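Chemist: Just so you know, the sequences run in chain order A and B. Residues 1 to 240, numbered by my numbering, are exactly what the first sequence covers, in order. Residues 1001 to 1336, numbered by my numbering, are exactly what the second sequence covers, in order. All C-beta atoms, glycine included, are put in the ideal place defined by N, C-alpha and C. Only a predicted model underlies this, so the values are computations on that prediction, with no experimental measurement involved. Can you read through this structure? Questions will come right after.
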Amino acid sequence: MEEAITIHSVGGVEVELPVAGLGGRSLAFIIDIHIRVIFAMAWGFGVGWFLNEVGIKGDWIGWLAVLPALLIYFLYHPLLEWLMGGRTPGKRMMGLRIVTEQGLTPGLGAILVRNIFRLIDSMPSAYVLGLVVAHFSARHARIGDIAAGTLITYEEALKLKALEGLFDEPGEGRAELSLKQRELLMELLERWNGLLPERRHAMALTLLRARGLEPPAKGLKYDGRLRTTLKGLLEGGEHE
Amino acid sequence: MSDERNAVGVSLEGRALAGWLRGRVEAWRRQEELIKRQQGGRVRESDEALELLRGYRGVARDLSLARRLLPGSRVIRYLEALLLRAFDTIQRPPLGSWAQIRQLFSRDLPREIHALRGAIAVSAALFLLGIAAGWGLVSLQPELIALFASEAMIETVQNGELWTDDLLNIVPSSVLSLQIMTNNIMVTFFAFALGAFYGIGTLYIMLLNGLLLGAVFAFTGQHELDGRLFEFVIAHGMVELSVIVIAGAAGMRLGEALLRPGLMTRTEAFRVAVSRAGVLVAAGAPLLVGAGLIEGYISPDPNFDLNFRLLVGLSYWLFMLLLFSGRLQSRRRSAS
Chain A
1 MEEAITIHSV
11 GGVEVELPVA
21 GLGGRSLAFI
31 IDIHIRVIFA
41 MAWGFGVGWF
51 LNEVGIKGDW
61 IGWLAVLPAL
71 LIYFLYHPLL
81 EWLMGGRTPG
91 KRMMGLRIVT
101 EQGLTPGLGA
111 ILVRNIFRLI
121 DSMPSAYVLG
131 LVVAHFSARH
141 ARIGDIAAGT
151 LITYEEALKL
161 KALEGLFDEP
171 GEGRAELSLK
181 QRELLMELLE
191 RWNGLLPERR
201 HAMALTLLRA
211 RGLEPPAKGL
221 KYDGRLRTTL
231 KGLLEGGEHE
Chain B
1001 MSDERNAVGV
1011 SLEGRALAGW
1021 LRGRVEAWRR
1031 QEELIKRQQG
1041 GRVRESDEAL
1051 ELLRGYRGVA
1061 RDLSLARRLL
1071 PGSRVIRYLE
1081 ALLLRAFDTI
1091 QRPPLGSWAQ
1101 IRQLFSRDLP
1111 REIHALRGAI
1121 AVSAALFLLG
1131 IAAGWGLVSL
1141 QPELIALFAS
1151 EAMIETVQNG
1161 ELWTDDLLNI
1171 VPSSVLSLQI
1181 MTNNIMVTFF
1191 AFALGAFYGI
1201 GTLYIMLLNG
1211 LLLGAVFAFT
1221 GQHELDGRLF
1231 EFVIAHGMVE
1241 LSVIVIAGAA
1251 GMRLGEALLR
1261 PGLMTRTEAF
1271 RVAVSRAGVL
1281 VAAGAPLLVG
1291 AGLIEGYISP
1301 DPNFDLNFRL
1311 LVGLSYWLFM
1321 LLLFSGRLQS
1331 RRRSAS
C-alpha cells in the first residue's frame, strides 16, 4: 500500500512525499529505544557507581545520576525531534522524517502532542494499540500522529554532490555520453560493491556494448579493470 | 554551449539540456546556502529572503523541465528534495519556539482556562465525588482498604505510624522528588490523553484518584492519623491535585470534541481540542516539578511545622492561580 502526500509548490509544480509504512517506523523506533535505554542506563549506573566509589552519597545521587538518566529517557524523542527538524537518530538511519500534513517541519507543540499521546499508543504494552491504529488509519498514523496532525514520510537524502560530473562537458577528442548514460554509469559505479559480481559484470558489459566498446579481456583482476574502464568512460576518456 | 556536432547517441537537445543544467548548479548551491542561513535564523535580511523566494521559483522551473526531459533521473530526486526544503523554509511560521512558549503563557493559557472553566468545575466535582465515594466505602466497610492500599502500608498504619514517617531514611529527597515528579507528570498526561477514548479514560482516572485519596484518608482517620497525613499532604498537594484536575478537564474536552464535533469532522474537532486544551497540560506539567521538590524536601521532613507547610502550600497554589489566570504575566508586562 504505497501512499503519499502531495505538496503543491509554486507554479503548479507538485512533489509527492511517500508515507512510511509500519515496518520502517517500527525499525526506527527499535533503533531509538536501544539508544535511549543504553544511554540512560549507562549514565545512571555509571555515574551512580562512580559517586559511590568516591564516597558521595545522599542527595547528590538523585541530581547527578538519576535526573540525567530520566531526562535522557523521557526527553529523547521530544527534544531530538524538535532539534533535528522531525528526525531522531533511528529515523535518520531509516531515512524517515516527521512532517505536518502540509509537508512542513512540525513545531514544538505538535512534537509535544505526539509524544504525550505515546503513552496511550504504547498501551497495553509494546505499542500494540499504536500499531493497530497505524495499520488501519489513513497514512499509517498512530493516535499521537492523528492528534498532532503529523505523519512520517520517507526523506530523500540525495546531495548536490551526487550530481557532480553528471553535466560535465566531454573532453577534447572524447566521445560524449547522454545524461541518461552518465547517470546509469554513476549509479552502477556507486553500487558496485553492493552488487553480486556476475550482476555488475553483466550490467557493465551491456553499457560498454551500447557504446560500441570492447570490454577488457577476462583474466587477472577482471573486476577491477572493468570498473576502471567504466570510470574512464564517465570521466570522458574512451578506452578502445 | 552546444555545437552542431551530434555524437553517437547524444541528441542536440540532450546536450543543450546538460548545458542548461550545468549552468544551474551554482544557483542550487546558493539556494542550499540560503536555506541553511534562514533555518539557522542567522540572517533576517529582506533581500536574502527575496532571493530565497526567487531561487525557489527557479528550482520549481528546473524541476518541471527535468521531469519532462529526464524522467526517472536523479536530478529530479535532488531537485524535489531541494524544492521541499525551500518550501519548508518559506512556509515556516514567523515565531520561533521561544516566542511561542511566551505566547502560550501570556495569551493562550488564560484564554483556555476561561474557555474550559465549566469542564474544570466538572472535573473537580468528579474528583470530589471520587473522594467522597472512597471515604464512604472505607468508612462503611473498613476491610475494603485492601483494594486501595498495599499490605505493608495497611500494616504500618495499624501500628500507629504513617508510611511517610521514615521516608527520608530510605530514599534521599532528590530521588524521592524525581520519583514523584515523574509519576505525577505521567498521571497528568494520562488524564489528558485518555480523553481520546471519548473521555471515558479521563473519567476513570479522575474517579480512581479521588477514590484512592478518600479511601486512604478514611482509613488513616480510623487510626487517628488523618491529621498527620493532612500535614504531610498540604504543602505539595494543593498544586498537585489542582494540576491533575485541570488536566482532567482538558481530557474531557477531548472526549467532548469526539462526541460532539459540531460542524467539523471528528478528526478535525479532536485536533483543535488537543491543541487548545493541551495548553493547560503544557503549562501545568512544569508546576509539578515544583510540587515534586516540595514533596521531596519539605513534606517528609518533621522539622517543618504545620504553619510553614500551610504557608508553602497556599503560596504555591496562589502562584498557580495567578499564572493560570494570566495576572502574573500581565503584571510583569506592566512592570517592565
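1. Check distances from the C-beta atoms of the segment 131-161 of chain A to those of chain B and list, in chain order, the residues that come in under 7 angstroms.
2. In the DSSP output, what is Val37(A) paired with across the bridge?
3. Which residues in chain A have a C-beta closer than 8 angstroms to the C-beta of Ala1196(B)? List them in chain order.
4. Could you tell me the alpha carbon to alpha carbon distance between Leu1194(B) and Ser1139(B), rounded to whole angstroms?
5. Assuming Pro18(A) is part of the beta strand (DSSP E), what are its boundary residues?
6. Which residue marks the beginning of the beta strand (DSSP E) containing Thr100(A), and which one marks its end?
7. Closer than 7 angstroms, Cβ to any Cβ of chain A: which residues of the segment 1104-1122 of chain B, in chain order?
8. Please check if any C-beta of chain A sits within less than 8 angstroms of the C-beta of Ala1060(B).
9. Give me the Cα-Cα distance between Lys91(A) and Gly232(A), rounded to the nearest whole angstrom.
10. Based on the DSSP output, what are the partners of Ile111(A) in its beta bridges?
11. Just curious, the alpha helix (DSSP H) that His1114(B) is in, first and last residue?
12. For Gly1160(B) and Asn1183(B), what's the separation of their Cα atoms in angstroms?
13. So, helix, strand or coil for Thr6(A), using DSSP?
14. Mind checking if Val10(A) is an interface residue toward chain B, Cβ cutoff 8 angstroms exclusive?
15. Runs of 3 residues minimum, wholly inside the segment 1188-1257 of chain B: which ones carry the beta strand (DSSP E) assignment?
16. Looking at the ligand SAM, does it come within less than 7 angstroms of Thr88(A), judged from the CB to the closest heavy atom?
17. Using a Cβ-Cβ distance under 8 angstroms, would Leu108(A) count as near chain B?
18. Using C-beta distances below 7 angstroms, list every residue in its chain close to Ala1285(B), excluding the 5 sequence neighbours before and after it, in chain order.
19. In the DSSP assignment, find the unbroken alpha helix (DSSP H) run with Tyr154(A) in it and report its ends.
20. Taking only beta-carbon positions, decide if Trp1028(B) is within less than 8 angstroms of chain A.
21. Which residues, taken in chain order from the segment 1071-1089 of chain B, show a beta carbon closer than 7 angstroms to some beta carbon of chain A?
22. Run through chain B and tell me which residues come within less than 8 angstroms of Gly103(A), C-beta to C-beta.
23. Using a cut-off of 7 angstroms between C-beta atoms, extract the partners of Ala1282(B) located in chain A.
24. Do Gln1100(B) and Gly86(A) have their C-beta atoms within less than 8 angstroms of each other?
25. Using a C-beta cutoff of 8 angstroms, does Ser178(A) count as contacting chain B?
26. Here's the rule: buried if 16 or more other CB atoms are within 10 angstroms of the residue's CB, otherwise exposed. What is Thr1220(B)?
27. Inspect the CB distances between the segment 1197-1214 of chain B and the segment 1276-1284 of chain B and report whether three or more fall short of 8 angstroms.
Modeler: Once the coordinates are examined:
1. Cβ contacts with chain B come from Ile143, Ile146, Ala147, Gly149, Glu156, Leu158, Leu160.
2. In the DSSP assignment, Val37(A) forms no beta bridge with any residue.
3. What Ala1196(B) touches in chain A, judged by beta-carbon distance under 8 angstroms, is Phe117, Ile120, Ile143, Ala147, going in chain order.
4. Take the alpha-carbon of Leu1194(B) and the one of Ser1139(B): they are about 30 angstroms apart.
5. Note, Pro18(A): beta strand (DSSP E), 14-18.
6. Looking at the DSSP string, the run of the beta strand (DSSP E) that includes Thr100(A) is 96-100.
7. Taking a C-beta cut-off of 7 angstroms against chain A, none of the residues of the segment 1104-1122 of chain B qualify.
8. For Ala1060(B), the nearest beta carbon of chain A is closer than 8 angstroms to its own beta carbon.
9. The alpha-carbon separation between Lys91(A) and Gly232(A) amounts to approximately 37 angstroms.
10. Answer is none; Ile111(A) lacks a bridge partner.
11. Taken as a continuous stretch (DSSP letters only), the alpha helix (DSSP H) holding His1114(B) covers 1109-1115.
12. Straight-line measurement puts the Cα of Asn1183(B) at about 27 angstroms from the Cα of Gly1160(B).
13. For Thr6(A), the three-state secondary structure derived from DSSP is strand.
14. Residue-level contact check: Val10(A) touches chain B, since one or more beta carbons of chain B fall below 8 angstroms from its beta carbon.
15. Taking only runs of at least 3 residues, no beta strand (DSSP E) segment lies wholly in the segment 1188-1257 of chain B.
16. Looking for the ligand SAM in the displayed structure turns up nothing, as the structure carries no ligands at all.
17. Interface with chain B (8 angstroms Cβ-Cβ cutoff): Leu108(A) is included.
18. Cβ neighbours of Ala1285(B) beyond the five flanking positions: Ile1185, Thr1188.
19. Where Tyr154(A) is concerned, there is no enclosing alpha helix (DSSP H), although the beta strand (DSSP E) it sits in stretches over 150-154.
20. It does; some Cβ of chain A falls within 8 angstroms.
21. Identification of residues in the segment 1071-1089 of chain B having a C-beta nearer than 7 angstroms to some C-beta of chain A yields Ser1073, Arg1074, Val1075, Arg1077, Tyr1078, Glu1080, Ala1081, Leu1083, Leu1084, Phe1087, Asp1088, given in sequence order.
22. Correct list: Leu1084, Phe1087, Asp1088.
23. Within chain A, the residues whose beta carbon sits less than 7 angstroms from that of Ala1282(B) are Leu112, listed in sequence order.
24. Annotated as distal: Gln1100(B) and Gly86(A), with beta-carbon spacing of 8 angstroms or more.
25. True, the Cβ-Cβ gap to chain B drops below 8 angstroms.
26. With 16 or more other Cβ atoms within 10 Å, it is buried.
27. Between the segment 1197-1214 of chain B and the segment 1276-1284 of chain B, the count of Cβ pairs shorter than 8 angstroms is below three; the stretches do not touch.
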